[in-house]
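The opening residue of the sequence shown carries number 4 in the numbering used here; numbering runs sequentially from there.
Idealized CB from N, CA, C, for every residue including glycine.
Notes to accompany the following structure.
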Amino acid sequence: MEFITYEQDGFVGVITINRPKALNALNSQVLEELDATLDAVDLNTTRALILTGAGDKSFVAGADIGEMSTLTKAEGEAFGKKGNDVFRKLETFPLPVIAAVNGFALGGGCEISMSCDIRICSDNAIFGQPEVGLGITPGFGGTQRLARLVGAGMAKQMIYTARNIKADEAYRIGLVNAVYPQEELMDAAKKMAAGIAMQAPIAVRNCKKAINDGLDVDMDQAIVIEEKLFGDCFETEDQRAGMGNFLEKDKEKKLKVVPFQNK
Ligand code: DAK
């Protein structure tokens, strides 16, 4: 791989988009390598992922404008599909994904962070959807995911004006969950990921699916989705060990990591 690095740190996998000369902009090769990296994650030994960018200036400065500038309509569509497929793979990935946004998150960069489950950022992070200034609409789900995350009014303002926002504003509008000094960001992301990894893994996966799938339907259907995924946890080692630890009133055991069990 030329532009993606993957490091396993216990139960946590760290994916780094590593193309700092272009501020980690997403070209076709980055998208293909990210896709292959996700396919290679060992779901039996990994419980959470972190996605970040190399360097201390940029998370992802968008789709690669140089590559996009010469695309035909058909090539543009193919590029869009490649991006959308990877972004959707991240969004529906069986494990939680934390975006550790360490600088610019513009266009496709903001969009890829929104495909992750949770966003935290460094104090120098800048978010924005500058596409209308380039004569295009956001193409990797920005019009859809931003509106769902921060509300239609705020999303429309950001997208129509192409105005970038700083970390504190991203926090205020709910686009990120927390802001850290740059040097503390990765430790904070790893601590959060480790906290997730301590929980029962089947239950965590089912929560992700319940929240994602439930948001796409009305409440009557959403509750049924939750019921099924709740029921699905029973008779698993997760549920037996999780409840057993509590009933035994053993604080040490309560913190014990539940072993992964294939269903
Ligand atoms: N693409 C390619 N190269 C980029 C880039 C990008 N998005 N962003 C930065 N770079 C490159 C610069 O060209 C420069 O390369 P060299 O000249 O050194 O070779 C290097 O990174 C450093 O950038 P700067 O010299 O510009 O650094 P500054 O600190 O002065 O400025 C900046 C940083 C982030 C403010 C600036 O680089 C910038 O404005 N970058 C572009 C940001 C942007 O507009 N991003 C959104 C791209 S649009 C679609 C699906 C998705 C999309 C489109 C279609 N379909 C469905 C078909 C998505 C679109 C986008 O993401």
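Does the beta-carbon of residue i, which I'm using as the reference point, lie nearer than 7 Å to any heavy atom of the ligand DAK?
i: PHE107; result: yes
i: ASP67; result: yes
i: ALA128; result: no
i: MET71; result: yes
i: LEU34; result: no
i: LYS85; result: no
i: LEU137; result: yes
i: LEU178; result: no
i: ALA57; result: no
i: PRO133; result: yes
i: PHE233; result: no
Short of 6 Å in beta carbon distance, which residues of its chain neighbour residue i, apart from the five on each side in sequence? Order them along the chain.
i: ALA102; result: LEU54, SER116, CYS119, ARG122
i: VAL153; result: ILE176, GLY177, LEU178
i: GLY58; result: PRO23
Looking only at its own chain, which residues have a Cβ that is under 8 Å from the Cβ of residue i, when we skip the five neighbours before and after it?
i: THR40; result: MET4, ILE7, TYR9, ILE18
i: GLU134; result: GLY110, THR140, PRO141, GLY142, GLY145, ILE162, ALA165
Could you check which residue in the options has the C-alpha nearest to that of residue i?
i: PRO141; options: SER72, ALA197, LEU109; result: LEU109
i: ILE139; options: LEU29, MET71, ALA196, ALA64; result: MET71
i: GLY144; options: GLY65, GLU186, CYS236; result: GLY65
i: GLN290; options: GLY13, ASP59, ASN87; result: Residue 290 lies beyond the range of the chain shown here (4 to 266); nothing can be said about it.
i: CYS124; options: GLU172, LEU218, GLN160, ALA155; result: GLU172
i: ASN30; options: SER61, GLY13, VAL104, ASP67; result: ASP67
i: ASN215; options: THR73, LEU93, GLU80, LYS252; result: LEU93
Which class does residue i belong to by DSSP, given the choice of helix, strand or coil?
i: GLY79; result: helix
i: ARG122; result: strand
i: ILE129; result: strand
i: VAL103; result: Per the sequence shown, residue 103 should be read as Ala rather than Val. Strand.
i: GLN11; result: strand
i: PHE62; result: strand
i: ALA25; result: helix
i: THR49; result: coil
i: GLY16; result: strand
i: THR40; result: helix
i: LEU98; result: coil
i: LEU74; result: coil
i: GLY110; result: coil
Output needed for residue i: all residues of its chain with C-beta closer than 7 Å, excluding positions within five of it in sequence on either side, in chain order.
i: LYS212; result: LEU232
i: VAL89; result: LEU34, LEU37, ASP38
i: ALA196; result: VAL15, ALA51, ILE53, ILE101
What runs of the alpha helix (DSSP H), each 4 residues or longer, lie entirely inside the stretch 126–181?
-> 145–153, 155–164, 170–175
Taking only runs of the alpha helix (DSSP H) that begin and end inside the stretch 182–220, which ones reach a length of at least 4 residues, in chain order?
-> 188–200, 204–218
At what residue ranges does the stretch 225–257 contain a whole run of the alpha helix (DSSP H), taking only runs of 4 or more?
-> 240–250, 254–257
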